Amino acid sequence: MTDPDTRSRILNNAIRAPSSHNTQPWIFSLAGDDINLFADRTRALPANDPDDRELTISCGCALMALRVAAAGEGCGTRIALLPDKDDPDLLARITLIGDPESGLAPLAPLLAQRQTYRKGFDGRPVPEDARDALIAAATAEGAWLVPVEDDADRHKAADLVARGDEEQWGDPAWRRELAAWMHPRRTGDGLTLPWLTIPVAQLVVRSFDMGNGVAARDEELAEHSPLLTVLGTEGDTVADWIAAGQALQNLLLTGVHAGLQGSYLNQPVQVARLRPELGKLTGRPGHPQILLRMGYPEEILPLSPRRPLKEVVENAPGPDRP
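By this note's numbering, the letter at position 150 of the sequence shown is numbered 657, and the numbering carries on one by one without gaps.
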């Protein structure tokens with residue numbers, strides 16, 4: 508049986524996973540060497556993510572991060588996905604077992620280095636061997652990754668991002684939801700801003716459609732990203748979303764190993780009518796899940812905050828579980 512200190516270290520690293528709006532929509536329930544991963548739908552984003560697709564992808568990222576963290580502690584994992592058909596919130600049951608999974612332990616120190624880098628990259632091209640490693644990391648978890656390399660296709664992808672921005676910012680409910688997740692760093696979650704600026708920022712976001720300006724900025728980021736990729740899956744079920752999350756976390760850590768960071772331009776996936784157009788650019792059957800830009804960061808930025816373990820870990824599932 509894994510000792511409590513080791514288990515705490517594993518979980519502290521697992522919650523370094525990325526999530527939409529930094530919502531951290533997961534709950535871990537402990538029972539011996541089993542760790543149950545639940546979706547915390549109280550932290551859902553109904554305007555941005557009405558089907559909880561990105562919420563589930565975020566939990567998939569946390570699952571992969573847990574596997575990597577366990578390997579870093581010398582532990583293996585046995586995973587049962589969606590083990591209870593009567594509880595759709597129970598996404599995975601993880602059992603800590605003997606030897607670690609091959610190849611994951613070297614990624615463990617990188618969990619604390621990965622960050623969502625929203626600024627422009629330094630312009631250096633991403634070499635072919637690094638691109639191949641990212642593709643292999645996604646494929647290993649049952650997803651696919653397609654770089655958008657043709658100039659015309661990249662321009663189309665950037666245009667889809669801009670159109671998605673304009674549609675989302677034109678929706679008052681979407682703007683209210685975005686504003687609600689603007690938090691001071693001390694809360695441990697959300698899109699962090701200096702606390703004195705938050706009331707003004709929230710008022711501006713709620714009140715004004717800034718879609719044109721945001722679209723122009725994001726279109727520029729997409730056009731000039733050293734690497735623009737689409738992560739997708741063959742299906743579009745909850746299991747596929749979990750796979751997409753595990754693949755995303757795996758490729759992000761693989762990128763950090765090569766000096767890369769990433770950020771998301773998911774607007775063409777979030778706006779349902781644009782998603783098939785993005786899919787056509789990949790030339791692949793299946794479903795786009797994430798539009799990801801990657802490159803070499805110009806500076807080291809503060810890491811996004813995380814909630815303390817006591818807020819995301821419980822000893823056993825019970826009636827008060829979200």
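Glycine is no exception: its CB is placed at the ideal position from the N, C-alpha and C atoms.
Just so it is clear, the structure is predicted and the values come from calculations on it, not from any experiment.
Taking each of Gly630, Val711, Glu727, Val575 in turn and checking the Cα distance to Arg682, the smallest one comes out for Val711.
In the three-state reduction of the DSSP assignment, Ile564 falls in the helix class. Val653 and Pro733 do not touch by the CB rule: their CB atoms are close to 16 angstroms apart, not below 8 angstroms. When the Cα atoms are used, Val721 and Gly671 turn out to be separated by approximately 10 angstroms. Thr761 is positioned such that its CB atom lies no closer than 9 angstroms to that of Gln796. For His794, there is no enclosing alpha helix (DSSP H); the enclosing beta strand (DSSP E) covers residues 794–802. In this structure the region 540–547 touches the region 558–566; the number of beta carbon pairs closer than 8 angstroms is three or more. Taking a cut-off of 8 angstroms on C-beta distances, the region 810–818 does not touch the region 770–777, as fewer than three cross pairs fall below it. Cβ atoms of Val763 and Gln620 come within 8 angstroms of each other, at about 5 angstroms. Of the candidates Ala524, Ile604, Leu552, Ala572, Ile604 places its Cα closest to the Cα of Asp510.
Under the Cβ criterion (8 angstroms, minimum of three pairs), the region 659–668 does not count as touching the region 523–534.
Assigned with DSSP and collapsed to three states, Gly720 falls in helix.
Under DSSP, Thr740 shares a beta bridge with His794.
Using a 10 angstroms sphere on the CB of Pro607, the tally of other CB atoms reaches 16 or more, which defines it as buried. The DSSP assignment places complete beta strand (DSSP E) segments of no fewer than 3 residues inside the region 722–781 at 734–740, 768–771, in order along the chain.
Spanning the alpha carbons of Gln777 and Asn555 requires a straight line of approximately 7 angstroms.
Non-local beta-carbon contacts of Ala612 in its own chain, meaning distances under 6 angstroms to residues more than five positions away in sequence, involve Ala578, Gly579 in chain order.
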